[in-house]
Amino acid sequence: KAGVTQTPRYLIKTRGQQVTLSCSPISGHRSVSWYQQTPGQGLQFLFEYFSETQRNKGNFPGRFSGRQFSNSRSEMNVSTLELGDSALYLCASAEGRGAYGYTFGSGTRLTVV
Amino acid sequence: DQQVKQNSPSLSVQEGRISILNCDYTNSMFDYFLWYKKYPAEGPTFLISISSIKDKNEDGRFTVFLNKSAKHLSLHIVPSQPGDSAVYFCAVLQDDKIIFGKGTRLHILP
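So the protein lines, in turn, are chains A and B. To convert, take the position in the first sequence, counting from 1, and add 701; that gives the numbering used here. To convert, take the position in the second sequence, counting from 1, and add 9; that gives the numbering used here.
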């Protein structure tokens, strides 16, 4: 069974640009969550999607958004990038709602210059 | 304000000895706790969990202890092995999301 796949693995963007990150969950998983990892703040919850609906949102500005498609694949978008958005962005998927069974992907390392 | 605190950023332990990683939490309503392990350039991997109705859970070399009155949990690894060198995150489950501590980097020394 393939794991959670995140693309791209690495990304360099310039301040002010926008970026879209992609996450393909494990087959059959309908819940996808996104987390941001930075050295200062650790792992912080961004949002959770289940059956194409955002069910939960963390404390991040509106520049961070996401969506989930009917095949459960998810994308997150960050607009007007700031230097502080440089981080490892992790996606996790689970069969149902609830974080008990989350499997994480390897992440996308975003560097904003 | 941090709801899950791991006060030791790093810990070094001799191979074969016991590694003890500690975690404190602020909300007595938390009722499900998890430990994750993370290697560089990989996502966190679930290690072990414990529900608030228990005070101990074991899985092979890994044991998690929960002290509800102190709002404290700990992860014991016995015996420690070189492959255990990683960052360990303590986490709690709240409203279907995981709240992580900032992690403790464990170094297993030969």
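For every residue, glycine included, the Cβ atom is placed at its ideal position computed from N, Cα and C.
By a beta-carbon distance limit of 8 Å, P726 (chain A) does not contact T809 (chain A). Their separation comes to about 15 Å.
For H81 (chain B), DSSP records a beta bridge to B:D33, B:N76. Closest in C-alpha terms to I713 (chain A), from the list A:R798, A:L782, A:G802, comes A:L782. A residue is called buried when at least 16 other Cβ atoms come within 10 angstroms of its Cβ; K65 (chain B) does not meet this threshold and is exposed. Interface flag for N757 (chain A) against chain B is set, since a Cβ pair is found closer than 8 Å. E776 (chain A) is bridged by DSSP to A:S723, A:R768.
Going by C-alpha positions, Q707 (chain A) is about 21 Å away from V96 (chain B).
When only Cα atoms are considered, G767 (chain A) and S732 (chain A) end up about 13 Å apart. Within the same chain, and ignoring the five residues on either side of R756 (chain A) in sequence, the residues whose Cβ sits closer than 6 Å to its Cβ are E749. G110 (chain B) sits in coil when the DSSP states are folded into three classes, being neither helix nor strand.
The beta carbon of I107 (chain B) falls within 8 Å of a beta carbon belonging to chain A, placing the residue at that interface. One alpha carbon belongs to P49 (chain B), the other to Q718 (chain A), and they sit about 27 Å apart.
Residues R731 of the same chain have their beta carbon placed closer than 6 Å to that of S752 (chain A), with the five preceding and five following residues left out of the count.
For V22 (chain B) against L118 (chain B), the beta-carbon gap comes to about 7 Å, under 8 Å, which counts as contact. With respect to S780 (chain A), R798 (chain A) sits apart: the two C-beta atoms are not nearer than 8 Å.
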